[in-house]
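Quick notes on the structure that follows.
There are 4 protein chains.
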Amino acid sequence: MVAPTFYAIVVGVGSGTGASVARLFAQGYPVALLARKESSYAPVVEAITKAGGTAVGISTDVSDAQSVDAAFARIAREWPQAKLAAAVYNAEAGFSYKPFLELAPEDLDRAISTGAKGLFYFAQKTLPLLLDAVGAGPKHPPTLIVTGATAALRGSVKFAAFAAGKFAQRAITQSLAREFGPQGVHVAYTIIDGGIDTPWGKDREFNGGVADGKISPDAIADSYWYLHTQPRSAFTQELDLRPFVEKF
Amino acid sequence: MVAPTFYAIVVGVGSGTGASVARLFAQGYPVALLARKESSYAPVVEAITKAGGTAVGISTDVSDAQSVDAAFARIAREWPQAKLAAAVYNAEAGFSYKPFLELAPEDLDRAISTGAKGLFYFAQKTLPLLLDAVGAGPKHPPTLIVTGATAALRGSVKFAAFAAGKFAQRAITQSLAREFGPQGVHVAYTIIDGGIDTPWGKDREFNGGVADGKISPDAIADSYWYLHTQPRSAFTQELDLRPFVEKF
Amino acid sequence: MVAPTFYAIVVGVGSGTGASVARLFAQGYPVALLARKESSYAPVVEAITKAGGTAVGISTDVSDAQSVDAAFARIAREWPQAKLAAAVYNAEAGFSYKPFLELAPEDLDRAISTGAKGLFYFAQKTLPLLLDAVGAGPKHPPTLIVTGATAALRGSVKFAAFAAGKFAQRAITQSLAREFGPQGVHVAYTIIDGGIDTPWGKDREFNGGVADGKISPDAIADSYWYLHTQPRSAFTQELDLRPFVEKF
Amino acid sequence: MVAPTFYAIVVGVGSGTGASVARLFAQGYPVALLARKESSYAPVVEAITKAGGTAVGISTDVSDAQSVDAAFARIAREWPQAKLAAAVYNAEAGFSYKPFLELAPEDLDRAISTGAKGLFYFAQKTLPLLLDAVGAGPKHPPTLIVTGATAALRGSVKFAAFAAGKFAQRAITQSLAREFGPQGVHVAYTIIDGGIDTPWGKDREFNGGVADGKISPDAIADSYWYLHTQPRSAFTQELDLRPFVEKF
């Protein structure tokens with residue numbers, strides 16, 4: 000087997016967005032899938048392998064710098080000659096939807112850990128690799144994509160902790176876009192505005208249960224691939240995605 | 000010849016964005032090209048025809064309701080059975096880059112006419128057609144895309160008139176997205192942030208003349224096609240595009 | 000009688016914001032009150048005079064350049080030696096709250112005329128006067144304040160025309176702030192987000208009729224005076240105002 | 000001596016904004032001044048006392064929940080019968096202006112601790128007190144004001160860590176405004192856009208050293224007092240402040 004020239008990394012691979020993104024990017028690159036639990040990434044690795052792609056799952060806690068270090072050491076051993084073409088940060092902690100006075104400091108910590116700290120560690124690991132790939136003749140500009148949400152733009156009742164994490168995440172992503180764009184790395188943020196159509200969300204109603212009232216994770220994946228393939232003369236920094244019936 | 004089932008309309012077809020969009024959409028649909036002067040659209044019609052596509056050029060002043068009416072009457076005669084799949088509003092008046100006290104009322108009028116009034120007329124003509132197409136089994140949700148600019152987000156020194164037109168245009172587009180999205184029509188706005196690589200701009204330096212320091216009109220066209228093909232479960236309302244070296 | 004050293008102008012004086020602003024600024028300056036109809040400004044002129052202030056009412060159509068010219072000629076005759084300390088643009092046309100396809104071009108024209116064109120004429124008249132006042136030792140930096148609304152930030156269903164006018168207005172105001180701030184003129188925009196407690200609004204319910212659920216015009220006037228008195232080391236460009244119970 | 004009916008708390012009292020705010024609010028209320036080091040608040044306590052006001056300084060680390068608890072226990076002992084009229088969160092850690100790849104995780108932690116966590120603890124302590132004051136007949140609506148910055152709106156090169164903290168802070172403040180506004184508590188955020196004229200900044204040039212090119216901390220204090228005195232029919236949620244010559 001020939002060592003791959005380029006590969007991709009997806010953080011936060013479970014039943015929704017991350018899995019769709021991983022499956023789609025696996026059509027172009029070998030992919031490393033990072034998730035806290037093996038049970039999250041194992042079925043995705045299997046599906047990709049069955050479809051003829053290459054995938055490696057790595058149990059990682061993105062909010063723990065050492066765990067992130069270990070994951071990247073593992074990736075380096077896996078594909079020692081290859082360059083990083085695309086990195087997707089899609090980690091999500093469940094969030095604490097509570098009146099402010101009922102939130103515990105831990106609710107804020109968790110939102111910040113997954114929203115901001117994990118991205119910070121991940122970006123510090125991936126940006127040198129992406130910069131290194133810029134000169135290696137990639138088909139598309141090396142890309143870092145971060146999954147955002149409406150709560151990255153708007154603080155709302157019961158969203159104080161979650162919004163704090165997402166605002167901080169958007170701040171970091173925007174700062175990175177301004178710093179690394181001119182060096183040839185494409186940094187993009189997506190505002191996911193609506194419920195996502197995952198097995199988890201199956202029984203939850205969004206938009207009155209209307210067809211396509213939830214966002215298809217495959218459609219999100221398509222948008223990530225589109226972002227990745229943009230030439231450097233026309234980078235999108237921020238893009239919103241919502242179901243046609245979503246109020247906004 | 001079989002009458003086409005779906006067609007597209009592009010307003011503002013000259014040497015840059017409009018021409019690229021027209022050529023790309025012509026790979027999927029017959030296209031009507033509207034521009035003030037025949038000399039603007041004629042070469043594009045020729046290029047599309049030569050490539051095996053179908054294009055009709057119509058001299059139109061979008062800031063004149065009667066001229067817009069006439070253009071749509073002509074389109075209806077051209078393809079009486081067909082439905083409108085996509086409409087792109089890309090009209091641009093040259094703009095008056097002057098200190099505020101040197102601007103004439105006509106500078107404001109011109110910016111508003113092209114930016115807001117023309118879009119108003121165009122949207123009032125196209126939205127009923129796009130709504131009508133929703134039920135006709137289109138491959139992609141019927142789409143209205145409007146070409147915006149940085150000046151739609153930010154009023155700057157010497158940009159008072161131009162920004163007034165672009166802000167107003169964004170207001171209309173956003174209002175339409177909120178009203179017609181739930182009816183199945185995708186309404187999107189693009190923030191073009193940078194110089195465009197047109198023959199007109201050939202001798203103008205942007206970003207110090209660095210390669211890819213100007214936006215490729217073909218890359219803009221790709222983004223419009225991507226927007227058009229988004230499924231209704233994941234519509235993008237607003238998307239920015241800028242060269243990797245652009246300061247923002 | 001000694002000629003006043005400084006005076007103020009308020010455009011759009013009726014029963015609400017404009018009247019409150021005029022009464023408050025009349026405690027510091029002679030004020031010229033511009034409104035379309037004498038019946039709008041006459042009671043305010045009377046109230047100010049009765050309270051010991053000086054007010055001149057001038058019938059003006061701000062969307063008509065000649066009418067604006069005439070009003071400023073009148074003001075120059077009234078106070079030939081005085082400098083302009085503060086100018087407030089508070090003109091408001093009634094607005095067309097209709098589905099987009101029911102709007103007439105005139106609805107857009109009206110929104111643009113009052114929102115953008117009138118401000119354009121007014122600013123072209125007042126900015127030279129405000130610049131002239133900068134060097135004349137005013138107590139507070141010469142100030143131009145424009146009354147905005149939520150629709151200046153957000154295009155919504157049935158607000159396409161009104162939002163186009165308010166977005167355009169905000170674009171102009173922001174451009175002026177960036178151009179004339181460094182020359183010592185304070186240009187500010189207020190986002191009025193809620194129903195205003197006017198005689199006109201008396202029977203309209205806002206926020207379920209709760210006390211203080213509508214914005215007090217006197218509170219708006221206080222904010223305008225506060226903006227006017229800010230020193231040039233700390234100018235506010237934009238400020239929102241809403242009732243405590245308003246959803247936003 | 001009669002126990003005060005209402006008091007104020009200012010966090011982050013040193014040589015700049017906090018000291019000016021404390022001195023101004025001390026003209027209306029006894030004030031508790033919280034700062035990490037006694038040397039920061041001691042001169043302010045002395046100045047207020049000399050001017051006839053009442054001030055209590057408390058050494059507090061706002062990023063440490065127990066330290067915050069202790070400070071509030073101390074305040075409760077100091078004025079056991081009084082209600083909280085106004086709370087100002089002005090804590091600022093020095094910030095790490097570095098290329099992203101040179102930032103340490105501690106730089107992010109520090110920005111988040113002061114920007115978001117400290118505000119979280121402070122708000123959880125003050126909001127119940129402010130709610131309790133709503134019904135106690137205060138002259139002005141009980142108020143929580145948070146000092147923000149341009150970096151709360153925009154992530155820039157070398158600002159990734161600092162912006163993350165300020166974005167998160169704005170998210171929390173905005174969420175609190177939406178939750179507690181309808182309960183009668185005024186929650187406001189200020190965008191300080193420019194260098195502040197402090198002894199610390201004396202030798203640093205801003206805006207080419209032009210007079211008033213730095214923001215006067217007393218002018219910031221005036222704006223906080225103005226915010227505090229707004230009636231509940233017209234709350235400002237966000238307000239920017241910048242020197243007249245500042246580019247924005």
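Protein chains in written order, with numbering that gives the first Met the number 0: chain A, 0 to 247; chain B, 0 to 247; chain C, 0 to 247; chain D, 0 to 247.
Positions of the beta carbon are idealized from the N, C-alpha and C atoms, including for glycine.
Can you tell me where the alpha helix (DSSP H) with LEU23 (chain A) in it begins and where it stops? Indexing the first sequence from 1 puts residue 23 (chain A) at position 24. 16-24 is the span of the alpha helix (DSSP H), which, as asked, contains LEU23 (chain A).
Under 9 angstroms Cβ-Cβ, which residues of chain C neighbour GLY154 (chain B)? Start at 1 with the first residue of the second sequence, and residue 154 (chain B) comes out as number 155. Chain C residues near GLY154 (chain B): ARG169, ALA170, ILE171, THR172, GLN173, SER174, LEU175, ALA176 and ARG177.
Closest to ASP68 (chain B) by CA distance: which of B:ALA46, B:PHE119, B:PHE99 and B:ALA84 is it? Here residue 68 (chain B) corresponds to residue number 69 of the second sequence, with the count starting at 1. ASP68 (chain B) has its Cα closest to that of B:PHE119, out of B:ALA46, B:PHE119, B:PHE99 and B:ALA84.
Beta strand (DSSP E) segment containing VAL133 (chain A), residue limits: The residue you call residue 133 (chain A) lines up with position 134 of the first sequence. Careful: VAL133 (chain A) lies outside any beta strand (DSSP E), inside the alpha helix (DSSP H) at 117-133.
Check the Cβ of PRO79 (chain B) against every Cβ in chain A and list those closer than 9 angstroms, keeping chain order. On the second sequence, residue 79 (chain B) is found 80 positions in, with the first residue counted as 1. Under the 9 angstroms cutoff, chain A gives no residues; its nearest Cβ is about 29 angstroms from PRO79 (chain B).
For THR172 (chain A) and VAL186 (chain A), I'd like the C-alpha separation in whole angstroms. Taking the first residue of the first sequence as position 1, residue 172 (chain A) is located at position 173. Taking the first residue of the first sequence as position 1, residue 186 (chain A) is located at position 187. Taken atom to atom, the span from the alpha-carbon of THR172 (chain A) to that of VAL186 (chain A) is near 7 angstroms.
Tell me where the beta strand (DSSP E) around THR189 (chain C) begins and ends. Numbered from its first residue, the third sequence carries residue 189 (chain C) at position 190. In this chain, the beta strand (DSSP E) harbouring THR189 (chain C) covers 185-191.
Interface flag, GLU91 (chain C) vs chain D, CB-CB below 8 angstroms: For the purposes of this step, residue 91 (chain C) is taken as residue 92 along the third sequence, with counting starting at 1. With 8 angstroms as the cut-off, GLU91 (chain C) does not count as an interface residue toward chain D.
Ordered along the chain, which non-local residues of its own chain (more than five positions away) have a Cβ less than 6 angstroms from that of GLU77 (chain D)? Locating residue 77 (chain D) in the fourth sequence gives position 78, counting from the first residue. The answer, listed in chain order, is VAL55.
Can you list, in chain order, the residues of its chain whose CB lies under 8 angstroms from that of LEU23 (chain D), leaving out five sequence neighbours each side? By 1-based counting over the fourth sequence, the position of residue 23 (chain D) is 24. Only ASP217, ALA220, ASP221, TYR223 and TRP224 meet the Cβ criterion.
Once DSSP output is grouped into helix, strand and coil, what is the label at SER66 (chain D)? By one-based count along the fourth sequence, residue 66 (chain D) stands at place 67. DSSP places SER66 (chain D) in helix when its eight states are reduced to three.
For VAL209 (chain C), count neighbouring Cβ atoms within 10 angstroms of its own Cβ and tell me buried if that reaches 16, exposed if not. Here residue 209 (chain C) refers to the residue found at position 210 when the third sequence is read from its first residue. By the neighbour-count rule (16 or more Cβ atoms within 10 Å), VAL209 (chain C) is not buried but exposed.
With 8 angstroms as the threshold, decide whether the Cβ of ALA240 (chain B) is near any Cβ in chain A. Reading the second sequence from its first residue, position 241 is the one you call residue 240 (chain B). Per the sequence shown, residue 240 (chain B) should be read as Leu rather than Ala. Taking Cβ atoms only, chain A reaches closer than 8 angstroms to LEU240 (chain B), which makes this a yes.
Span separating the alpha-carbon of THR113 (chain B) from that of GLN65 (chain B): For the purposes of this step, residue 113 (chain B) is taken as the residue at position 114 of the second sequence. For the purposes of this step, residue 65 (chain B) is taken as the residue at position 66 of the second sequence. Rounded to the nearest angstrom, the two C-alpha atoms are 15 angstroms apart.
Suppose you measure from the CA of GLU178 (chain D) to the CA of PRO181 (chain B); what does that come to, to the nearest Å? Within the fourth sequence, residue 178 (chain D) is the residue found at index 179, counting from 1. Within the second sequence, residue 181 (chain B) is the residue found at index 182, counting from 1. Going by the C-alpha atoms only, they are around 29 angstroms apart.
Please return the same chain residues whose Cβ sits closer than 6 angstroms to the Cβ of ASP106 (chain C), not counting the five positions on each side in sequence. Position 107 of the third sequence, counted from the first residue, corresponds to residue 106 (chain C). Only SER95 and ALA160 meet the Cβ criterion.
According to a CB-to-CB cut-off of less than 8 angstroms, which residues of the region 109-138 of chain B neighbour chain C? Taking 8 angstroms as the Cβ-Cβ cut-off against chain C, the residues of the region 109-138 of chain B that qualify are ILE111, ALA115, LYS116, PHE119, TYR120, ALA122, GLN123, LEU126 and PRO127.
In whole angstroms, give me the CA-to-CA distance for PRO198 (chain A) and SER215 (chain A). Position 199 of the first sequence, counting from 1, holds the residue named residue 198 (chain A). Position 216 of the first sequence, counting from 1, holds the residue named residue 215 (chain A). Going from the Cα of PRO198 (chain A) to the Cα of SER215 (chain A) covers about 11 angstroms.
What in chain B is Cβ-close to GLY299 (chain A), meaning under 9 angstroms? Missing from the structure shown is residue 299 (chain A); chain A here goes from 0 to 247 and no further.
From ALA18 (chain D) to SER38 (chain A), what does the alpha carbon distance come to, in whole angstroms? By one-based count along the fourth sequence, residue 18 (chain D) stands at place 19. By one-based count along the first sequence, residue 38 (chain A) stands at place 39. One C-alpha to the other measures close to 55 angstroms.
CB contact below 8 angstroms: LEU32 (chain B) versus chain C: The residue you call residue 32 (chain B) lines up with position 33 of the second sequence. Not closer than 8 angstroms to any Cβ of chain C, the Cβ of LEU32 (chain B) fails to qualify, so no.
Using DSSP's beta-bridge definition, name the partner residues of VAL156 (chain B). For the purposes of this step, residue 156 (chain B) is identified with residue 157 of the second sequence, where counting begins at 1. Residue pairing by DSSP leaves VAL156 (chain B) without any beta bridge partner.
Is the separation between the beta-carbon of SER62 (chain D) and that of ALA162 (chain A) shorter than 8 angstroms? Here residue 62 (chain D) refers to the residue found at position 63 when the fourth sequence is read from its first residue. Here residue 162 (chain A) refers to the residue found at position 163 when the first sequence is read from its first residue. Contact flag unset, no.
Is the CB of LEU100 (chain D) under 8 angstroms away from at least one CB in chain A? Locating residue 100 (chain D) in the fourth sequence gives position 101, where the first residue counts as 1. Yes - at least one Cβ of chain A is within 8 angstroms of the one on LEU100 (chain D).
Kindly indicate the opening and closing residues of the beta strand (DSSP E) around GLU101 (chain C). On the third sequence, residue 101 (chain C) is found 102 positions in, with the first residue counted as 1. Segment: none, GLU101 (chain C) is in no beta strand (DSSP E) and carries neither H nor E.
What's the C-alpha gap between ARG241 (chain D) and HIS227 (chain D)? Your numbering for residue 241 (chain D) matches position 242 in the fourth sequence. Your numbering for residue 227 (chain D) matches position 228 in the fourth sequence. Computed Cα separation, rounded: 20 angstroms.
Once DSSP output is grouped into helix, strand and coil, what is the label at ARG35 (chain D)? In the fourth sequence, the residue the question calls residue 35 (chain D) occupies position 36. If DSSP states are grouped into helix, strand and coil, ARG35 (chain D) belongs with coil.
Helix, strand or coil, according to DSSP, for GLU237 (chain A) in the structure here? Position 238 of the first sequence holds residue 237 (chain A). GLU237 (chain A): strand per DSSP, three-state reduction.
Nearest CA to the CA of VAL156 (chain B): which residue from B:LEU102, B:THR235 and B:ASP131? Sequence index remark: in the second sequence, residue 156 (chain B) carries index 157 (1-based). Nearest option by C-alpha distance: B:LEU102.
How about TYR223 (chain B): is its C-beta nearer than 8 angstroms to some C-beta of chain A? Reading the second sequence from its first residue, position 224 is the one you call residue 223 (chain B). Closer than 8 angstroms to the CB of TYR223 (chain B) there is not a single CB belonging to chain A.
Check whether the Cβ of ARG231 (chain D) lies closer than 8 angstroms to any Cβ atom in chain C. For the purposes of this step, residue 231 (chain D) is taken as residue 232 along the fourth sequence, with counting starting at 1. The beta carbon of ARG231 (chain D) falls within 8 angstroms of a beta carbon belonging to chain C, placing the residue at that interface.
Whose Cβ in chain B lies nearer than 8 angstroms to the Cβ of ALA218 (chain A)? Here the question's residue 218 (chain A) lines up with position 219 in the first sequence. Neighbours of ALA218 (chain A) on chain B, chain order: GLN229, PRO230, SER232 and ALA233.
If the criterion is Cβ atoms closer than 8 angstroms, does the pair ALA110 (chain D) and GLY52 (chain D) meet it? Here residue 110 (chain D) is taken as the residue at index 111 of the fourth sequence, counted from 1. Here residue 52 (chain D) is taken as the residue at index 53 of the fourth sequence, counted from 1. No, the pair does not count as a contact, with Cβ atoms beyond the cut-off.
Please report the straight-line C-alpha distance between ALA70 (chain B) and ALA81 (chain B), rounded to a whole angstrom. One-based indexing of the second sequence puts residue 70 (chain B) at position 71. One-based indexing of the second sequence puts residue 81 (chain B) at position 82. If you take the alpha carbons of ALA70 (chain B) and ALA81 (chain B), they lie about 16 angstroms apart.
So which residues on chain A does PHE247 (chain B) lean against when the C-beta distance must stay under 9 angstroms? Position 248 of the second sequence, counted from the start, is the residue given in the question as residue 247 (chain B). Going along chain A in sequence order, the residues near PHE247 (chain B) (Cβ under 9 angstroms) are ALA176, ARG177, GLY180 and GLN236.
Roughly how many angstroms separate the alpha carbons of LYS49 (chain D) and TYR40 (chain D), rounded to a whole number? As a first step, residue 49 (chain D) is located in the fourth sequence; it is residue number 50 there, counting from the start. As a first step, residue 40 (chain D) is located in the fourth sequence; it is residue number 41 there, counting from the start. Between LYS49 (chain D) and TYR40 (chain D), the C-alpha separation is close to 14 angstroms.
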